[in-house]
Amino acid sequence: MSVIIDIRGVHKSFGSLEVLQGVDLQVRSGSVTVILGPSGSGKSTLLRTINHLEKVDRGWISVDDRLIGYRRSGDKLYELKEREVLKQRTGIGFVFQNFNLFPHLTVLENIVEAPVSALKRPRKEVTELARGLLDRVGLSDKADEYPRRLSGGQQQRVAIARALALEPKVLLFDEPTSALDPELVGEVLDVIKDLAHGGTTLIVVTHEIGFAREVADTVVFMDGGRIVEQGPPGEVFDNPSHERTKAFLSKVL
Ligand code: ADP
Ligand code: MG
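Every letter in the sequence shown is one number past the one before it in the working numbering, and letter 247, counting from 1, is 237.
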């Protein structure tokens, strides 16, 4: 299968703190990559560079053979204009830990908003798509509710439907179940599993080891701004080769 997300030599600093210290990662189309690692290891920053929410200091990222945030001219890179970045970003879905739904919009309006305003798609067509997506995440009956009237698990499922409404090439999840009560984690993981089986390319930052074992094609372990180890879940979980991976797993397994 072909590589859809290509991350090469990415460095990123905040002030004097080098948060990404040369990250290389290739993600195949239709695959599921789970990123693990201790707090502060750079997982969120890496995800955020993939849709240019953070600029990289060195290296580059491409999605579907398109450079993210830049265009190449000769051997130089020029940053894209904000409008072009926003357009590019619509192809890269992002689901956050804290759902980030618009509180003043209904569930249906939350999903319809971006395809209509950013992609200029006809509202009627998008509304139909949105209803189909709500059905897919098991929330057909909540279309006209406001987010505050939903449980955390339901809100996160709306956030997933909202990301899917832009028909992204890839979908990135940053600890999608970390803010949920334990009994609500399963319903969100089930939706993500369903996407995985449907062939959507996913990168998921999570501490849910059971999910990673079951769904991931590749598990990536990050520490100190670097990818320390990666491989199929069986390998990384049962036979980690790096001391830091072993130490981390001994705490979470
Ligand atoms: P993780 O998601 O693995 O917990 P992050 O990518 O969020 O790690 O953060 C990595 C490091 O970068 C942390 O030390 C964090 O405090 C720092 N950091 C993240 N974002 C910023 C920012 N906008 N400004 C300054 N420091 C940041
Ligand atoms: Mg994080």
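Positions of the beta carbon are idealized from the N, C-alpha and C atoms, including for glycine.
Distance cut-off 8 angstroms: residue i Cβ against heavy atoms of the ligand MG
{"i": "D213", "result": "no"}
{"i": "E165", "result": "yes"}
{"i": "V195", "result": "yes"}
Chain-order list of residues whose beta-carbon lies under 8 angstroms from that of residue i (same chain, five-residue window excluded)
{"i": "P93", "result": "Y136, P137, R138"}
{"i": "D207", "result": "R18, S21, V22, T23, P222"}
{"i": "L243", "result": "I199, F227"}
For residue i, the three-state DSSP class (helix, strand or coil)
{"i": "F84", "result": "strand"}
{"i": "G12", "result": "strand"}
{"i": "R234", "result": "helix"}
{"i": "D184", "result": "helix"}
{"i": "E219", "result": "strand"}
{"i": "S240", "result": "helix"}
{"i": "R18", "result": "strand"}
{"i": "R111", "result": "coil"}
{"i": "D164", "result": "strand"}
{"i": "G142", "result": "helix"}
{"i": "F4", "result": "strand"}
{"i": "F211", "result": "strand"}
Neighbourhood of residue i by C-beta distance below 6 angstroms, restricted to the same chain and skipping five residues each side
{"i": "F86", "result": "D164"}
Exposure of residue i, with buried meaning 16 or more beta-carbon neighbours within 10 Å
{"i": "S34", "result": "buried"}
{"i": "F4", "result": "exposed"}
{"i": "G83", "result": "buried"}
{"i": "Y60", "result": "buried"}
{"i": "N229", "result": "exposed"}
Residues near residue i by beta carbon distance below 7 angstroms, same chain, minus five either side
{"i": "R(-2)", "result": "D14, G49, W50"}
{"i": "V44", "result": "Note on residue identity: the sequence assigns Glu, not Val, to residue 44. Counting only Cβ-Cβ distances below 7 angstroms, and skipping sequence neighbours, we find K2, T35, R38."}
Stretch-stretch touch, CB-based, cutoff 8 angstroms, three pairs: the region 179 to 191 with the region 18 to 38
Yes, they touch.
Relative to the ligand ATP, what is the chain-ordered list of residues with a Cβ closer than 5 angstroms to any of its non-hydrogen atoms?
This structure simply doesn't include the ligand ATP; it includes the ligand ADP and the ligand MG instead.
If contact is defined by three or more beta carbon pairs under 8 angstroms, each pair taking one atom from either stretch, is the region 110 to 124 in contact with the region 63 to 74?
With a cut-off of 8 angstroms, the region 110 to 124 and the region 63 to 74 do not count as touching, because too few Cβ pairs lie within range.
Quick test of the definition: if touching needs 3 or more C-beta pairs under 8 angstroms, does the region 137 to 152 touch the region 174 to 187?
Using a C-beta cut-off of 8 angstroms, the region 137 to 152 makes contact with the region 174 to 187, since at least three inter-stretch Cβ pairs fall below that distance.
The region 151 to 167 touching the region 92 to 112, judged by at least three CB pairs closer than 8 angstroms
Pairwise C-beta distances place the region 151 to 167 in contact with the region 92 to 112, as three or more of them are shorter than 8 angstroms.
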